[in-house]
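With our numbering applied, the sequence shown has no gaps in its numbers, which climb one by one up to 182 at the end.
Heads up, the beta-carbon is just placed ideally off N, CA and C, and yes, glycines get one too.
Since the structure is predicted, the reported quantities are computational estimates derived from the model, not experimental observations.
Before any comments, here is the structure.
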Amino acid sequence: MDSARMQITEEKLLSDNWYILKRYTFNYLGKNGQWTTQQREAYDRGNGATILLHNPEADTVILTRQFRLPTFVNGNRTGGPSDGMLIETCAGLLDDDDPETAILRETEEETGYKLTAVQKVMEAYMSPGSVTEKLFFYLAEYSTDTERNAGGGIDEEEIEILELPLSQALAMMQTGEIQDGKTIMLLQYLRLMQLEK
């Protein structure tokens, strides 16, 4: 893991209760040619994948809504039963799968849609100052003929499935109804692709 400019000297496990939180002590070679010793914490929850489903004929998209505790803690409190609820693209951790296999699995679990083809559009670190996770971004088309089961998540997940006109989803970014970063990126990507046609 060391490189010419960075050498890890200590790795300490702080928590493995949900995912893994470690504190790293490392020597870093600055632009000035001087080595400094620094410490940072990194949260490792594995890599993930996310997907935006789009019906090109109706120009609609499939999104999900579910409770997200970190957003609630940070002020996502609109009142009533919607406290902490976040509208998002379907997403999940890779676990031991490759990104495409994982997103096909997550899509069926969360939305019920059984896809046969997806298009990878990008990879991105979403919070590189504190989280190791890399996200793999996908688009896929769906229609009224796409095979589907109930969806809604597994185990403790309670996922509401939303089908919205793309124009409404884009407007919801401006009103603050959609605040999730990966969702905003995929909605904007889809809109840019439409404008280029």
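query                                                                                                                                                : result
Tell me the DSSP secondary structure of L79 in three-state form.                                                                                     : coil
Determine the closest residue to D83 out of E95, G31, L14, E94, with distance taken between C-alpha atoms.                                           : G31
Are the Cβ atoms of T35 and T74 separated by less than 8 Å?                                                                                          : yes
Do you know how far the Cα of E126 is from the Cα of G136?                                                                                           : 17 Å
Give the secondary structure of A34 by DSSP, where H, G and I count as helix, E and B as strand, and everything else as coil.                        : strand
Whose CA, out of F121, S115, E145, V116, lies closest to the CA of L89?                                                                              : F121
Grab me the residues of P150's own chain with a C-beta within less than 7 Å of its C-beta, minus the 5 sequence neighbours each way, in chain order. : D44, T45
According to DSSP, simplified to helix, strand and coil, what is E132?                                                                               : coil
Give me the residue from K16, K7, A87, N59 with the minimum Cα distance to Q164.                                                                     : N59
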